[in-house]
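In the numbering used here, the protein residues as written are 3 to 978.
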C-alpha cells in the first residue's frame with residue numbers, strides 16, 4: 003500500500019453479516035459488530051448459544067496474505083499458543099467470497115477484553131512479554147510468500163508513515179510533539195536497524211488482540227491471541243515493542259513498568275544489544291503511529307466509532323512512551339536485560355579542587371543516618387542543619403554526595419515515590435578566599451547561564467554550577483591540570499554543584515538550590531548516564547543502589563522454608579518513624595500492620611530509656627532493683643479496679659506468656675484440660691502451639707491437638723456456625739454441651755482460653771454476652787478464664803484499654819506482649835497471687851530476660867509515652883475514621899464485605915459474593931501487592947486469608963488514614 007494512505011472499512015452491515023452466515027456457512031445467527039480500524043468483524047450468535055466470529059477483510063489484503071495467516075494459525079497451535087481456528091464454509095474452503103469481499107469465520111475466543119482492564123499487575127505485564135516471546139518462537143520457521151507484503155503497521159516503515167500521516171493531527175502542539183518524538187526515535191533506530199533480525203511476526207500482539215481469562219486472583223491473564231491482520235515479515239523485536247507499547251496506557255504515569263514485559267520476553271528470547279537498543283525507539287514510533295493513524299482514520303472514516311473511542315487511549319500510550327527521555331529509556335532496557343554500558347568510567351588526571359583537598363566532610367543524609375533520628379529528616383531545614391553541623395565541626399566543605407539516597411527528600415502519605423537519588427554532588431563551602439578549579443582532563447571549556455561545562459574527548463562532560471564561579475576563557479580547549487575557574491564565597495556559604503554525565507545524557511531539570519535528583523525507579527539508567535565525582539574530589543564513593551533483591555537472595559540462602567516473609571518483591575525496610583516504614587531507596591509506606599510498635603517506630607523516649615539502661619546495669623529479676631516493682635505496679639494499675647489481678651510474671655514474648663498462663667491454670671486447678679476456640683492463634687512454643695487451632699497457620703491443626711486440648715466452636719458472628727449479632731446463647735449452649743461431655747469423660751476443664759476480640763479472624767467482635775456467659779460456665783465447673791490480650795489489648799481498642807473490657811468481664815489470667823516493649827521483646831502474665839503461687843508446686847519460675855533491668859526500663863518508658871502521646875484516645879478517633887471510611891468504600895465496591903473490629907484493630911473482609919460470602923483470598927493477596935506500590939503496607943489475616951488486617955501503630959494520623967482509604971479506593975477502582 004502507499005505510504006500514509008489510510009483504509010476505509012468494507013461497507014458491510016449487521017444484516018449483511020447475517021446473510022453471509024446463511025449463504026456461506028449455513029448458519030442462522032444474529033450479528034453484532036466488533037470494532038476494527040480497517041476490516042469488519044461481527045460476532046454471530048446462534049439460537050443454541052453457539053458463537054463464532056465473522057471477518058470481512060479489507061480488499062487491500064490479498065489471498066496470499068490470507069493464506070499466510072492460516073499457516074501462522076497452524077504454527078501457533080502447533081507451538082501451544084492459543085488462537086481461534088478458522089472454520090470452513092459450506093464448500094470446505096477457509097476463505098469465502100461474498101459480493102467481491104473475502105470472508106472468513108473463526109471460533110469464538112472465550113474471555114474478556116484486556117484493553118480496558120485498567121491497572122495490570124507486574125505478573126500480567128510479564129505474561130504479555132512471555133506471550134510475545136512465544137509468538138516469535140512459534141513463527142520463526144514459518145515460510146510463505148504471503149508474509150512478504152507492504153503494510154503501514156510494519157515497524158520498518160513506521161517513521162515514514164508517521165511523517166505522511168501527521169498532517170491529519172488537528173492539534174498543532176500534539177502534531178509537533180509526535181513529529182519530534184518520531185524524529186528522535188528514528189535517529190536512534192537508524193543506527194541499529196541493519197542488525198535487527200527479521201522474521202514472521204504477528205505485528206499487532208496487543209492488549210486489544212488478546213482475550214483475558216480471570217485467574218483465582220480475579221486478574222485478567224492473557225489467554226487467546228486474535229486478529230492476524232498485520233501478520234508479515236518484520237523485525238523480531240518489533241513484536242515485543244508493539245506488545246509493550248499497548249501496556250503503557252494501563253498506568254501511563256509509570257511507563258517504566260513495561261520493563262516487566264521486556265524482561266519476560268528477554269528471558270525466553272534473548273535480545274541482542276541492537277534489539278535492546280531498538281525496543282524503546284520502536285515503542286515511541288508505534289505510539290506516534292497510533293496517534294497519527296487514529297486521526298487519519300477519523301478523517302477518512304468519520305463513522306468509525308471504534309477508531310474514535312481509541313483516540314484517547316492511543317494518545318495516553320504516546321504520552322507515556324515519551325514521558326521518559328528516550329536516551330534514559332534505552333538505558334533502562336539495557337540495564338534490565340543485563341547488557342553492560344559501553345561507556346567507560348571517566349579517568350581523572352588531576353583533582354578538581356586542589357586548594358580544598360582534605361577540607362571536605364561528607365554529610366550523611368541517608369536512610370540510616372544517625373543524624374536524622376527522631377523524625378528530624380522530616381524537617382524542611384534538615385539538610386541545611388546537617389551542613390551547618392559539618393561546618394561547625396571544622397569542615398570547610400560539607401559534601402552531600404552523588405548517588406546516596408536521601409532520607410531528607412522522602413515524602414510521606416504519597417502514592418508516588420519521591421526523587422531521593424542525587425545525580426550530582428553538592429559542595430557547601432564556608433566563607434573564605436578564592437579556590438582554584440582545575441581541569442581533571444583535557445577538553446573543551448564551555449560556559450553559559452547553566453554553568454560551566456568541560457567536554458572531554460571520551461564522551462564525558464563535567465558540569466559545575468555556583469553563583470560564585472568565575473570561569474577562565476570559555477570556548478577554548480584546556481589541558482589536564484589547567485586552572486579553568488575559581489570559586490569564592492566572601493560573606494556567606496556558597497553551594498557548588500558538581501556533575502559528571504555522558505554527552506548523550508538528557509538534561510534533567512536543574513535547581514539553583516542543589517543537585518538534581520531522580521526517583522528510585524529511574525536510578526538504573528542514571529547510574530549509567532552519570533558518574534560519581536568522588537574521585538575528582540579525593541573522597542570515597544558513597545553511591546548506592548537498591549539492593550533488596552540481593553538481600554532477598556541472601557535471606558533465602560540461610561532461612562528455612564517455614565520462615566515467612568511478606569510480598570512477592572519485598573522492599574528492604576531499614577528505618578521507621580512513627581507509623582511510617584522507609585525502605586533503602588527512601589520510599590515511605592504507611593504501616594498498618596506493626597502492632598508490635600504500638601507507640602510507633604523509633605520512639606525517642608523508648609530509645610533513650612534503653613540506651614541509658616544499657617549504660618548502667620544489665621541483670622535479671624532475681625536481683626533487687628527498683629524498676630521491676632515499679633513496672634509491675636504500673637501494669638497492675640491498668641487492670642479494672644477491684645479485679646484481684648495483683649501479680650505480674652514477666653517473660654519475653656506472647657508465646658511464652660500463653661505458655662506460662664496454661665501452666666498456671668493447670669497448677670492452680672490440678673487439672674489438665676484446656677478449652678480453646680477454633681481458628682485461633684496463640685503462639686509457637688510447645689504449649690501455645692498446642693492451643694493454636696488455626697488451619698491457616700497449621701493445615702492439620704484440628705487433627706493434631708494433644709489430648710489435653712479441647713477445641714470449641716468459634717463464635718464468629720459473620721462466618722460461624724450461627725451468624726448475626728444475637729447468637730451468643732446458641733454458642734453458649736454448644737459450649738455447655740462441650741463442658742458437660744468433658745466432665746463426663748473425667749476431663750474437667752482447667753482453663754478456657756480466648757482472645758477477647760477474635761484477632762486472628764481480623765478483629766471480629768464477639769457476640770454480645772458470649773464472653774460473660776463463657777466465663778460464668780467455666781468458673782461454675784471449677785475452671786479458670788484466660789484472656790489472650792497479646793494482639794488486641796494495651797489501648798488498641800480505643801474505647802477501652804483491654805479487649806476483655808469490651809465484653810464487661812474480668813478474666814482470671816491475662817496474657818500480654820506485643821506492644822509492651824514497642825519492638826523490644828517483653829511479655830507478661832497478670833493474675834491473682836493465689837493462682838500465681840500455685841506455680842511453686844512445679845518448682846521455681848525464672849526468665850533470664852523477662853523482668854530484666856532493660857525490659858523493665860523499656861516497659862516503663864512505653865507506658866509513659868502512651869500516656870503522654872494520648873494514644874488510646876487516638877486509637878478511638880482514628881479507628882472510627884478508618885472504620886467509617888472502609889464502610890463508605892463498601893457501598894461502592896462489592897468486594898468489601900463487613901468491616902470488623904474496634905479502635906485500631908480493624909479487619910476489612912473481602913468476599914466475591916456477599917450472599918455466599920465466598921472468601922476473596924487471592925484477590926486480597928493481590929490487593930496487598932498493589933497497595934504496597936501505592937505506599938501502604940497492609941496484609942491479610944483470618945483462616946481464609948481474605949481479611950485485610952489494619953492494626954497500625956497507635957500514633958496513626960488522620961492524613962495517613964485518609965491515604966490508606968484513598969489507596970484502597972484506587973485499587974478497587976483501577977484493579978490489582
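Idealized CB from N, CA, C, for every residue including glycine.
| Item | Value |
| --- | --- |
| Within 7 angstroms, strictly: CB atoms of residue 10 and residue 302 | yes |
| Cβ-Cβ distance between residue 234 and residue 149 below 7 angstroms | yes |
| Residue 948, enclosing beta strand (DSSP E) - first and last residue | Element bounds for residue 948: n/a, residue is neither H nor E. |
| Three-state class that DSSP yields for residue 591 in the structure shown | strand |
| CB-CB length for residue 425 against residue 517, believed under 8 angstroms | 7 angstroms |
| Identity of the residues DSSP links to residue 330 by a beta bridge | DSSP output for residue 330 lists no bridge partner at all. |
| Simplified DSSP assignment, three categories, for residue 876 | helix |
| Backbone secondary structure at residue 893 - three-state DSSP | helix |
| Integer Cβ distance of residue 484 from residue 441, believed to fall under 8 angstroms | 5 angstroms |
| Buried versus exposed call for residue 16 [16 or more other C-beta atoms within 10 Å across all chains shown] | exposed |
| Per-residue burial, residue 747 [other beta carbons within 10 Å of its own, 16 or more giving buried] | exposed |
| Beta-carbon proximity check, residue 811 vs residue 751, cutoff 7 angstroms | no |
| Beta-carbon proximity check, residue 21 vs residue 59, cutoff 7 angstroms | no |
| Whole-Å CB distance - residue 821 paired with residue 796, under 8 angstroms assumed | 5 angstroms |
| Presumed contact (8 angstroms Cβ cut-off) between residue 715 and residue 859, rounded CB distance | Between residue 859 and residue 715 the Cβ distance is about 43 angstroms, and since that is not below 8 angstroms, they are no contact. |
| Residue 5 versus residue 506 - alpha carbon distance | Because residue 5 carries a pLDDT of 47, less than 50, the predicted location of this residue cannot be relied on, and no value is offered for it. |
| Nonlocal neighbours in the same chain, by C-beta distance under 6 angstroms from residue 914, ignoring five residues either side | 920, 922 |
| Classification of residue 92 by the beta-carbon crowding that lies within 10 angstroms, buried from 16 upward | exposed |
| Outcome for residue 200 when other beta-carbon atoms lying within 10 angstroms are tallied against a minimum of 16 | exposed |
| DSSP bridge partner residues for residue 754 (one or two, in chain order) | 677, 787 |
| Three-state secondary structure assigned by DSSP to residue 369 | coil |
| Euclidean distance between Cα positions of residue 734 and residue 900 | 24 angstroms |
| Simplified DSSP assignment, three categories, for residue 445 | strand |
| Which residues DSSP lists as bridging residue 712, in chain order | 677 |
| Runs of alpha helix (DSSP H) wholly within the region 576-653 (minimum 4 residues, chain order) | 606-616, 628-639 |
| Local conformation of residue 320 per DSSP, three classes | helix |
| Residue 2: first and last residue of the uninterrupted beta strand (DSSP E) it sits in | Residue numbering for the chain in the displayed model covers 3 to 978; residue 2 lies beyond these limits and cannot be assessed. |
| Cβ-based neighbour list, residue 3, same chain, cut-off 7 angstroms, excluding 5 preceding and 5 following | With a pLDDT of only 46 at residue 3, under 50, the local geometry of the prediction cannot be trusted, and no value is derived from it. |
| CB contact flag (residue 609, residue 573, <7 angstroms) | no |
| Exposed unless 16 or more other CB atoms sit within 10 angstroms - verdict on residue 285 | buried |
| Within 7 angstroms, strictly: CB atoms of residue 109 and residue 90 | no |
| Cα-Cα separation, residue 800 to residue 908 | 11 angstroms |
| Sufficient close CB pairs (3 or more, under 8 angstroms) joining the region 865-876 to the region 590-608 | yes |
| Cβ shell of residue 339 (< 6 angstroms), same chain only, five flanking positions each side left out | 268, 273, 278 |
| Per-residue burial, residue 767 [other beta carbons within 10 Å of its own, 16 or more giving buried] | buried |
| Near the ligand ZN: residue 537 beta-carbon under 6 angstroms from a heavy atom | In terms of ligand content, the structure shown is empty, and the ligand ZN therefore cannot be addressed. |
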